[in-house]
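Heads up: the structure comes next, in structure tokens.
There are 4 protein chains.
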Amino acid sequence: MDEILEDSYILVYRDRRRRWLVRPKDTPKLHTHLGILDVASLVGKGFGVRVATTMGDELTILRPTIEDMVMKLARRTQVIYPKDLGLMAVKLGVHSGSRVIETGTGSGATTALMAYLVQPGGTVCTYDINPEFQAVARKNIERLGLSSYVTFKAGDSRLGFEERGFDAGILDVGDPWEVVHSMKEALKPSAPMAAVTPTTNQAERLVAKMKEEGFVAIETVEILLRHLEARVGMTRPSNIMVGHTAYLTFGRAAEPPVST
Amino acid sequence: MDEILEDSYILVYRDRRRRWLVRPKDTPKLHTHLGILDVASLVGKGFGVRVATTMGDELTILRPTIEDMVMKLARRTQVIYPKDLGLMAVKLGVHSGSRVIETGTGSGATTALMAYLVQPGGTVCTYDINPEFQAVARKNIERLGLSSYVTFKAGDSRLGFEERGFDAGILDVGDPWEVVHSMKEALKPSAPMAAVTPTTNQAERLVAKMKEEGFVAIETVEILLRHLEARVGMTRPSNIMVGHTAYLTFGRAAEPPVST
Amino acid sequence: MDEILEDSYILVYRDRRRRWLVRPKDTPKLHTHLGILDVASLVGKGFGVRVATTMGDELTILRPTIEDMVMKLARRTQVIYPKDLGLMAVKLGVHSGSRVIETGTGSGATTALMAYLVQPGGTVCTYDINPEFQAVARKNIERLGLSSYVTFKAGDSRLGFEERGFDAGILDVGDPWEVVHSMKEALKPSAPMAAVTPTTNQAERLVAKMKEEGFVAIETVEILLRHLEARVGMTRPSNIMVGHTAYLTFGRAAEPPVST
Amino acid sequence: MDEILEDSYILVYRDRRRRWLVRPKDTPKLHTHLGILDVASLVGKGFGVRVATTMGDELTILRPTIEDMVMKLARRTQVIYPKDLGLMAVKLGVHSGSRVIETGTGSGATTALMAYLVQPGGTVCTYDINPEFQAVARKNIERLGLSSYVTFKAGDSRLGFEERGFDAGILDVGDPWEVVHSMKEALKPSAPMAAVTPTTNQAERLVAKMKEEGFVAIETVEILLRHLEARVGMTRPSNIMVGHTAYLTFGRAAEPPVST
């Protein structure tokens, strides 16, 4: 069981910077700067094996995780990072059976992770105003075998979502304050939402609008992730580091306050 | 549907610092510093409503998320934070149906989140050398209604796990290097593991041992989370911040290298 | 030489949290929670000695540095931190003989450090719209013996500084954009300025105004300082950490651009 | 006054990434990717002017600050950053008249800043075991016109410094614990020292040795500096960021403790 098939995605791992996501049927030979790997010959083997290129360079064959898949997908447009996706998943409580509403679809990276988490009984309904973007995302989701958990909708979420009763909501658009009202209507009472915004100005306008619409437990955070180079006797943080990805704003849909 | 029952957990939310997790049957009256809330009277109502204490203080009634539940559980022993749990979940690819192995159980906070994610078809098998700790964790998991997805084992994981074929592994013990070999044997080839260690020295020893045992894609990271106080015209990062929780080390089980 | 006198300030050091700044003539006996220290008896001794309280608690007698003095002064109003002051000093190039213009004086903490650096040939000219604030700052500067290097001016710097030809400028007011023009006029061409603003909105307005007035090499930064608990075999970052003090904006006075 | 001379260093500023440090006599024509600047023609003009290349690209002529000079010098060997230098200067209390002891000299960047601060009455005595390194540093210090405030000594500081009675000490060597005893002897009682170490292991060994030698007020910190891109309506932290430079350890020379 768990053996490599013609159409299995496999992660060929060399080091932190060099890793390839391929399928034997698409890429029977993988050309690296240190020789050629006979990918086709891996069919029938198990994951976790060490193999060598024609030049003797050692590589490891891994079964790609959802992170491996999503990070490769994300390359095309703006990137959303595992550090951010992870916190969103926990704070939104997304799991098997959850019904999630998202706008916009973007590269489909967030959509993909959420679809992965809601299967088999849940669903992700994702809106994007740009049908071309969605075409790319749809193809990405298909590659991951997650299409049956995703509903793609081309449309302007500022005008409202057609569906109701979602367990969690995700806003990843440039003007999220314009969609807060629609989101409130689409969510179950008390359900959590998360929004992704690169700038402080967006976070500021978004939070003001969320308060107005009756959201509570509103908080905006940013996550800094730093690598530690853990080596015997010479451990130190990594010199290079991503300085910023996005602010994440969370809140819970509630009735507007009686007072004020 | 979704109405509050006698034995529903409800989150009574006031502000970021003051929130209470109660059940009508245990706490018919909730005493706050600003009056008393008639919790019993909420039975039959829906989540997301605004209510007032006897002194007129406004509170919001929320359905607790897994984060709300886990953070309340975690109070007793060492704390593991949503920021860390989220990244672990994504990097381990834990979802419905996953089989996860964990040592040690601790307060059961990590166990609880993983059980929440693997349901309904998966399982979390959690070891702890201290049966008393496990008794507390077991009670916590029961409160969350997640007991059927967790197997508790009292035992010394340094001597090996009895089970095999796990999709993901979690190490949260003081001497994780002593368990790396056991973990390797318990994981499916290519499966990811994550370890939680407060000190740089632990990370250093752990990483050395993981390399020795053939793990690849090893990386150690730390996550800093900072709140942004997003207020119109006066947005600024929060003055207070948690400086450190733990280093997270990730890796993938693979055959030991041929060379070297 | 370097012996303790009746009116010497001495730093009685116990640990990172407990340190006292006293003078024998003001505080002949220092009462701590672990006994009484006979401060008067230290007169004639040297700095760096270890002494004991009446209860046998060991303390160290240190000559206060400028940081010790400034951090004690800063307590009263808003705090500016050594991490921020240090970067400002380097980027402004303040040293012996520099002529520095500052607004507002505040607690005098920044004024004090700058005065310390410009002595003996330089001067710090500091404006504050609030004469009462300046009275406190003046007393602080006197205690430090730095009065001869500071000129206090009560006045509204938005209306202009009376002096010209400064080597460096410091803005620490709530509406720094209103003073950028005055600052430009008071600085020598090409001279650097620094501004301290807690919010992103202030930084945003300030930078826009600085560009308009012809400043170049404009940059806004924030500094996070974290302690490392370095202990043999159990080294880890400190759990507690200051999340934010202020954004620091730097720039250089230049002719307005010809183009645009 | 303050006019540009044949042998004045001038900073030709284009943007954050492109700035050149030149002298008219060495570089009469500066070739940039956007045309040629006639540097020779600047002689007699003042700093702060805007000029154009032959292709019409606008540049600003600035008088270099000590930071500009030091950062250009630092390029050759390991880099020490203004954020770190600034905190060191404040915590060491270095100012006009201070006597500073340093080992090793390295590129001379730290030496240069300290010499800049101690002038005119103070001195920096700097040791390096490698005379070739010192030759580079000496040339750098000469360029800055700071030679008369620096004494270069080629020698192994682990064996002791020849001088005594310093106000502040700086350790920037690979094995600082080997020099702590020498440093203690060279410093005035109660004087502060600072050490720069890239790894946690070095900080750990250093702190242990400092405690043994009777240093007090020991603390190890790291500084993270992040740029804020402050632009009207779209303010956000910079995506790129230096993740780590060095840990800074501070302490004060005192008598060894009586107890223990």
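Protein chains in written order, with this note's numbering: chain A, 1 to 260; chain C, 261 to 520; chain B, 521 to 780; chain W, 781 to 1040. Heads up, the beta-carbon is just placed ideally off N, CA and C, and yes, glycines get one too. As the structure is a computational prediction, the values presented were derived from the model and not from experiment.
Buried or exposed, going by whether 16 or more other CB atoms sit within 10 Å of the CB of residue i?
| i | result |
| --- | --- |
| E742/B | buried |
| M730/B | buried |
| D648/B | buried |
| D726/W | Because chain W spans 781 through 1040 in this model, residue 726/W falls outside it and cannot be assessed. |
| L679/B | exposed |
| V752/B | exposed |
| L114/A | Inspection of the sequence shows that residue 114/A is occupied by Met rather than by Leu. Buried: at least 16 other Cβ atoms inside 10 Å. |
| E67/A | buried |
| S417/C | buried |
| A477/C | buried |
| N130/A | exposed |
| M329/C | buried |
| K964/W | buried |
| M591/B | buried |
| S928/W | exposed |
| K871/W | buried |
Indicate the three-state DSSP secondary structure (helix, strand or coil) for residue i in the structure shown.
| i | result |
| --- | --- |
| Y907/W | strand |
| G624/B | coil |
| Y789/W | coil |
| L926/W | coil |
| T891/W | helix |
| R99/A | strand |
| E775/B | coil |
| R539/B | strand |
| I661/B | helix |
| V354/C | coil |
| L508/C | strand |
| P640/B | coil |
In the DSSP output, what is residue i paired with across the bridge?
| i | result |
| --- | --- |
| T151/A | C125/A |
| P237/A | L228/A |
| E523/B | G566/B |
| V242/A | I1020/W |
Candidates the options: which alpha carbon is nearest residue i's?
| i | options | result |
| --- | --- | --- |
| N759/B | A750/B, V610/B, T547/B | A750/B |
| E523/B | V569/B, I556/B, R539/B, L541/B | V569/B |
| Q639/B | G877/W, V960/W, P862/W, K968/W | G877/W |
| D787/W | R798/W, S821/W, R797/W | S821/W |
| G104/A | T123/A, F152/A, F166/A, K45/A | F152/A |
| L744/B | T643/B, C645/B, M591/B, P757/B | P757/B |
| T1000/W | A975/W, E882/W, G836/W | A975/W |
| G214/A | P256/A, V90/A, V43/A, N201/A | P256/A |
| G576/B | F567/B, G566/B, D558/B | D558/B |
| L986/W | G954/W, R1006/W, L1008/W | G954/W |
| R602/B | T631/B, V656/B, G642/B | Checking the sequence, you will find Pro at residue 602/B rather than Arg. Per the Cα distances, T631/B. |
| H355/C | A109/A, I101/A, M88/A, Y116/A | Y116/A |
| G771/B | A711/B, T717/B, N721/B | A711/B |
| E682/B | M754/B, P584/B, C645/B, N660/B | C645/B |
| K708/B | P718/B, A773/B, V542/B | A773/B |
| V956/W | A948/W, N981/W, G945/W | Correcting the residue type first, residue 956/W is Pro in the shown sequence and not Val. Considering only alpha carbons, the answer is N981/W. |
| G86/A | R99/A, L73/A, A109/A | A109/A |
| A203/A | E958/W, L785/W, M1014/W, G886/W | M1014/W |
Secondary structure, beta strand (DSSP E): runs of 3+ residues fully inside the stretch 934 to 1013 of chain W = 948 to 951, 972 to 977, 996 to 1009
If you scan the stretch 284 to 345 of chain C from start to end, which runs of the alpha helix (DSSP H) of 4 or more residues do you find wholly inside it?
-> 326 to 334
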